[in-house]
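What follows is a short report on a single structure.
Numbering (this note's numbering), first residue to last: 166 to 231.
If you want it as C-alpha coordinates, here you go:
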(Lines of atoms letter the chains of each structure in order from A; the text may use other names.)
(Lines give C-alpha, C1' and ligand atoms only; values in the text may rest on other atoms or scores of the structure.)
Protein backbone atom coordinates (compact mmCIF):
# COMPACT_ATOMS: atom_id res chain seq x y z
CA UNK A 166 0.00 0.00 0.00
CA UNK A 167 2.88 2.36 0.73
CA UNK A 168 4.28 1.77 -2.77
CA UNK A 169 0.91 2.67 -4.28
CA UNK A 170 0.66 5.89 -2.22
CA UNK A 171 4.18 6.85 -3.15
CA UNK A 172 3.46 6.19 -6.83
CA UNK A 173 0.33 8.35 -6.74
CA UNK A 174 2.07 11.18 -4.86
CA UNK A 175 5.08 11.24 -7.18
CA UNK A 176 3.32 10.71 -10.51
CA UNK A 177 -0.10 12.34 -10.19
CA UNK A 178 0.82 15.51 -12.17
CA UNK A 179 2.05 13.41 -15.08
CA UNK A 180 -0.98 11.11 -14.88
CA UNK A 181 -3.29 14.14 -14.78
CA UNK A 182 -1.65 15.68 -17.86
CA UNK A 183 -1.71 12.34 -19.67
CA UNK A 184 -5.40 11.79 -18.96
CA UNK A 185 -6.14 15.34 -20.14
CA UNK A 186 -4.24 14.69 -23.36
CA UNK A 187 -6.16 11.50 -24.00
CA UNK A 188 -9.48 13.27 -23.34
CA UNK A 189 -8.48 16.07 -25.70
CA UNK A 190 -7.54 13.61 -28.44
CA UNK A 191 -10.87 11.77 -28.10
CA UNK A 192 -12.77 15.07 -28.17
CA UNK A 193 -10.92 16.23 -31.30
CA UNK A 194 -11.60 12.95 -33.08
CA UNK A 195 -15.30 13.01 -32.16
CA UNK A 196 -15.80 16.64 -33.14
CA UNK A 197 -14.04 16.10 -36.46
CA UNK A 198 -16.22 13.08 -37.18
CA UNK A 199 -19.37 15.02 -36.23
CA UNK A 200 -18.37 17.92 -38.50
CA UNK A 201 -17.79 15.52 -41.39
CA UNK A 202 -21.21 13.92 -40.86
CA UNK A 203 -22.88 17.35 -40.66
CA UNK A 204 -21.23 18.47 -43.90
CA UNK A 205 -22.32 15.27 -45.66
CA UNK A 206 -25.89 15.69 -44.43
CA UNK A 207 -26.02 19.34 -45.51
CA UNK A 208 -24.67 18.55 -48.96
CA UNK A 209 -27.26 15.77 -49.43
CA UNK A 210 -30.02 18.21 -48.49
CA UNK A 211 -28.63 20.76 -50.94
CA UNK A 212 -28.46 18.20 -53.76
CA UNK A 213 -31.99 17.02 -52.99
CA UNK A 214 -33.30 20.59 -53.13
CA UNK A 215 -31.51 21.26 -56.43
CA UNK A 216 -32.95 18.02 -57.85
CA UNK A 217 -36.50 18.89 -56.73
CA UNK A 218 -36.19 22.40 -58.20
CA UNK A 219 -35.11 20.97 -61.56
CA UNK A 220 -31.60 22.40 -61.44
CA UNK A 221 -30.05 18.92 -61.51
CA UNK A 222 -30.80 15.78 -63.52
CA UNK A 223 -31.58 12.47 -61.84
CA UNK A 224 -28.30 10.93 -62.97
CA UNK A 225 -26.31 13.88 -61.64
CA UNK A 226 -28.24 13.76 -58.36
CA UNK A 227 -27.58 10.04 -57.88
CA UNK A 228 -23.90 10.50 -58.72
CA UNK A 229 -23.54 13.34 -56.19
CA UNK A 230 -25.42 11.55 -53.40
CA UNK A 231 -23.26 8.42 -53.61
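Every residue gets a Cβ at the ideal spot worked out from N, C-alpha and C, and that includes glycine.
Comparing alpha carbon positions, the residue from 230, 166, 221 closest to residue 204 is 230. Following the DSSP letters along the chain, one finds residue 229 inside the alpha helix (DSSP H) bounded by residues 223–230. DSSP, read as helix, strand or coil, puts residue 219 in coil.
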